[in-house]
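Encoded as structure tokens, the structure appears first; notes follow it.
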Amino acid sequence: MTLPKAQVVVYPGSNCDRDALWACKYVGFDAEFIDIHSDIDADLLVLPGGFSYGDYLRVGAVAAREPIAQKIKEFVSRGGLVIGICNGFQILVEMGLLEGALLQNSNGKFICKIVDLEVVDNSTPFTSYYLKGERIRLPIAHGFGRYVKTNDVNVTLKYIEDVNGSDELIAGITNANKNVFGLMPHPERAMEKILGSDDGLRVFLSAFNYIKNNGGVRG
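Residues in the sequence shown are numbered from -4 upward in steps of one, following our numbering.
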């Protein structure tokens, strides 16, 4: 039986790509790195955290215009699953695959800590292993994580307390079809209890089992 396949896009300046790859492999994915010129051959695509192109101009703006961007959009249109973590979330917003904007934290500082979150929507391919309303703990590490709404969005995760000034305490959202998930917290850094929390594990388990049970876009 062919395993669900995940690809992690490595941009210049990505620094969470190895953690993301490990997380995918840990739950059972056949996983590999790809770069900005690669073709996509996956069921799950991960845009990892980091500082793509040094976050110059505007966070995620340069990466969103790389050759792989159009391939990602086509992948999404075919029903492929995409998760953008931190800088990956910023890139998805810049691509127009997710609504809104991500601006500098309201305190003007980089924030790095474990935070409490609420699971608002557990009906997505990425959150089915959680309970609706469940409280979880995930690490954050960002300077530009303040989410600003431009339209109504499908909120998936909310902060319990105001961490960075995000509208409605929004920490993660999906697109209308729920196959694109962007979040500022880092689930790949919360895979084992020794790290302070293993609440991120179920993001990757949810995606793996969704693909296993429903079939991936690779056929």
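We treat Cβ as the ideally placed atom computed from N, Cα and C, and that holds for glycine.
Item: At the level of alpha carbons, what is the spacing between I35 and F70?; Value: 8 Å
Item: Compute the beta-carbon to beta-carbon distance between P134 and K104, rounded to the nearest angstrom, for a pair I have assumed lies under 8 Å.; Value: Contact flag wrong, Cβ pair sits at about 16 Å.
Item: Among residues of its own chain, excluding the 5 on either side of S192, which ones have a beta-carbon nearer than 7 Å to its beta-carbon?; Value: I109, R132, L133, A185
Item: Report the CB separation of R116 from T145 in whole angstroms; it is logged as a contact under 8 Å.; Value: In the sequence as displayed, the identity of residue 116 is Asp instead of Arg. Actually they are not in contact, since the Cβ atoms of D116 and T145 sit about 19 Å apart, beyond 8 Å.
Item: What are the boundary residues of the alpha helix (DSSP H) that L13 is part of?; Value: For the sequence presented, residue 13 should be read as Arg rather than Leu. From DSSP, the alpha helix (DSSP H) with R13 extends over 12 to 22.
Item: Which class does P182 belong to by DSSP, given the choice of helix, strand or coil?; Value: helix
Item: Identify, in the order they occur along the chain, each residue of the same chain with its Cβ nearer than 6 Å to the Cβ of F176, setting aside the five sequence neighbours on each side.; Value: I78, F121, T169
Item: Could you tell me which whole beta strand (DSSP E) segments of length 3 or greater appear in the stretch 72 to 126?; Value: 76 to 80, 96 to 98, 106 to 114
Item: Please report the residue range of the beta strand (DSSP E) in which A37 lies.; Value: No beta strand (DSSP E) contains A37, which DSSP labels as neither H nor E.
Item: Once the 5 residues before and after G75 are set aside, which same chain residues still bring their CB inside 8 Å of it?; Value: I35, A37, D38, L39, L40, N174, G211, V212
Item: For the beta strand (DSSP E) holding L152, just list the boundary residues, first then last.; Value: 149 to 154
Item: Does the distance from the C-beta atom of D14 to that of F28 stay below 8 Å?; Value: no
Item: Should S101 and G138 be called a contact, given that it needs their Cβ atoms to be closer than 8 Å?; Value: no
Item: Are the CB atoms of G44 and G95 nearer to each other than 8 Å?; Value: no
Item: Where does E183 land, buried or exposed, given buried means 16+ other C-beta within 10 angstroms?; Value: buried
Item: Which residues bound the beta strand (DSSP E) around R197?; Value: Looking at the DSSP string, R197 is not in any beta strand (DSSP E); the run it does join, the alpha helix (DSSP H), is 196 to 209.
Item: Output yes or no for whether 8 Å exceeds the beta carbon distance between D25 and K66.; Value: no
Item: Can you list, in chain order, the residues of its chain with a C-beta nearer than 8 Å to that of Q99? Leave out the 5 residues immediately preceding and following it.; Value: G138, F139, R141
Item: Which same chain residues, not among the five before or five after L126, have their C-beta less than 8 Å away from its C-beta?; Value: V114, N117
Item: What are the start and end residues of the beta strand (DSSP E) that includes I131?; Value: 130 to 137
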